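Heads up: the sequence shown begins at 174 in the numbering used here, then just goes up one per residue. For each residue, glycine too, the CB sits at the ideal point set by N, CA and C. No experiment lies behind these values; they were computed from the predicted model shown. The structure appears right after this line, and notes come after that.
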Amino acid sequence: DPYLSKHRGQYAERGAAFLPFETKVDFSVSQDIFVKVKNTKHSFQVRADVLNFGNLLNSNWGVGNRFNSLNPLIPRGADPQGRVLYRFRNVGSSLLAPNSYVPTNGLSDVYRIQIGIRYTFN
174 DPYLSKHRGQ YAERGAAFLP FETKVDFSVS QDIFVKVKNT KHSFQVRADV
224 LNFGNLLNSN WGVGNRFNSL NPLIPRGADP QGRVLYRFRN VGSSLLAPNS
274 YVPTNGLSDV YRIQIGIRYT FN
């Protein structure tokens with residue numbers, strides 16, 4: 174990530190690294206239907222909502238991110254002079270992943286379609 178690359182070998186400031194911008198767009202279509210039965214007007218509305226519509230068009234759009242690790246260092250004791258020793262956190266069989274953040278995989282990261290019918294009483 175740009176911040177960490179620019180400050181390699183230095184202390185990272187608190188709150189200096191940011192996740193990439195995330196955009197989610199919803200799409201909705203509705204149609205009103207009127208039916209007259211024996212001098213009584215009945216009105217219906219059929220509605221379709223696509224939540225996270227961008228993800229329906231492209232699987233890379235509308236996907237959130239999370240930091241790979243909020244605690245990359247693990248304390249492992251102290252040396253003979255009393256200084257604290259740390260080691261890097263392992264992810265699988267290697268050290269931290271090469272990216273500071275990874276895509277999330279929650280329900281809000283995929284598109285969802287809702288269909289509804291509404292009847293209006295007169």
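Using only alpha-carbon positions, find the residue among L268, Q183, N238 and L246 that is nearest to E195. N238
First through last residue of the beta strand (DSSP E) which encompasses P276: Y274 to P276
Span of the beta strand (DSSP E) around P245: Note, P245: premise wrong, no beta strand (DSSP E); not H, not E.
Residue interval of the alpha helix (DSSP H) (run including L230): F226 to L230
Give the C-beta separation of Y274 and N241 to the nearest angstrom, bearing in mind that I take them to be a contact with Cβ-Cβ under 8 Å. 6 Å
Just to confirm the assignment: which complete beta strand (DSSP E) runs, minimum length 3, are found wholly within the stretch 185 to 223? 200 to 210
Give a yes or no on whether the C-beta atoms belonging to I290 and F217 are separated by under 8 Å. yes
With DSSP as the reference, label Y292 as helix, strand or coil. strand
Y284 by DSSP, collapsed to three states: which one? coil
P193: which of V257, G235 and R187 sits nearest, CA to CA? G235
Which one or two residues does DSSP pair with N263 in a beta bridge? L268
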